[in-house]
Structure formats: structure tokens, C-alpha cells
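Peer 1: If you count by our numbering, then the sequence shown holds residues 261 to 395, one letter each, in order.
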Amino acid sequence: GFRKLIIGVGGSATNDAGTGMAQALGVKLLDSPGKDIPFGGIGLKKLDKIDLSGIDKRIAETEIIVACDVSNPLTGVYGAANVYGRQKGATPKMIKELDNYLKHFARIVERDLGKNVKEIPGAGAGGGMGAGLMV
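1. What's the C-alpha gap between G390 and A383?
2. Quick one, are the C-beta atoms of I324 and L265 less than 7 Å apart?
3. So within the segment 275 to 305, which uninterrupted alpha helix (DSSP H) runs reach at least 4 residues, ignoring any that extend past its ends?
4. Reducing DSSP to helix, strand and coil, say where D308 ends up.
5. Can you tell me where the alpha helix (DSSP H) with E379 in it begins and where it stops?
6. Taking DSSP as the reference, what is the three-state secondary structure of L334?
7. Candidates G387, I368, L290: which alpha carbon is nearest Y338's?
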């Protein structure tokens, strides 16, 4: 099989940090009672645990290169929600909430996986898909 994937990221309608992709690949994104979180950016607010035990082993053994044409971090003034939220139809209130959800996602990633994805250039590409692929 393939050992290296180059994935182009950008121009998305989502703001979920790539969690939909992760769930499709077998990652368990769980709330505090241990149930799957809802799909989409709003589901991030319920995220309590990331479980990689169900991920396809071929993916774990594959080098993934993220190709994007932006350098936005995941969160903050220049992050995914603040820069691209309006063009995706989000109101100012929704943008603030989505940025907070992405910050929460980044905290859980750092706690559970030991990776700080919040400030990495390109992490905010594709509604945070860049960060999801860096995990």
C-alpha cells in the first residue's frame, strides 16, 4: 500500500478541526460519558477524550504531508474561525463560539496525545483540517 500521502487542504465549508475525517478513519472522539460526540464544529464543545485504538493501522504507518496555501494557526485572531468563519456563513457570535471549540479541541489533543497544534502555521487550513492531519 501507500506509505506517503500528500493531502491538499483548503476551501472547506467545515470548521471541525478535521474531526469528521478522523472519525471516518476510526478515531473515537468521546464526550465525558464515553459516547461519540456529534459531527461538526459544535460537537467539539463536548469532546472529552480522544481514543486512537480503533484507527486503521495502515494510516498510523503512513506519512501524511499537508499541502495548503495559508499559514493560519488553528485559533485566535488569525485562526480558522476568525479568518474564514464569516465566508462560511457564521455570525460574529458563532465565530467566537467556534474559536472556543477549536481551543478546547487543541487542549484535549495536547492532554491526550501530547501534541500542541494550536499555533502551528497551517493548522487552521480547511476549518482546522490542517490541525487534524497533524495529529
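Just so it is clear, CB atoms sit at the ideal spot from N, CA and C, and this is done for glycine as well. Because the structure is a prediction, the values reported are computed rather than measured.
Peer 2: By the coordinates alone:
1. Along the sequence shown, one-based indexing puts residue 390 at 130. Along the sequence shown, one-based indexing puts residue 383 at 123. Within the model, the alpha-carbon separation for G390 versus A383 is close to 4 Å.
2. The residue you call residue 324 lines up with position 64 of the sequence shown. The residue you call residue 265 lines up with position 5 of the sequence shown. Result yes, Cβ atoms of I324 and L265 sit closer than 7 Å.
3. Whole alpha helix (DSSP H) segments, 4+ residues: 279 to 284.
4. Here residue 308 refers to the residue found at position 48 of the sequence shown. D308: coil per DSSP, three-state reduction.
5. Looking up residue 379 in the sequence shown gives position 119. Looking at the DSSP string, E379 is not in any alpha helix (DSSP H), and its letter there is neither H nor E.
6. Here residue 334 corresponds to residue number 74 of the sequence shown, with the count starting at 1. Coil at L334, not helix or strand.
7. For the purposes of this step, residue 338 is taken as residue 78 along the sequence shown, with counting starting at 1. Of the listed residues, the one whose Cα sits closest to Y338 is G387.
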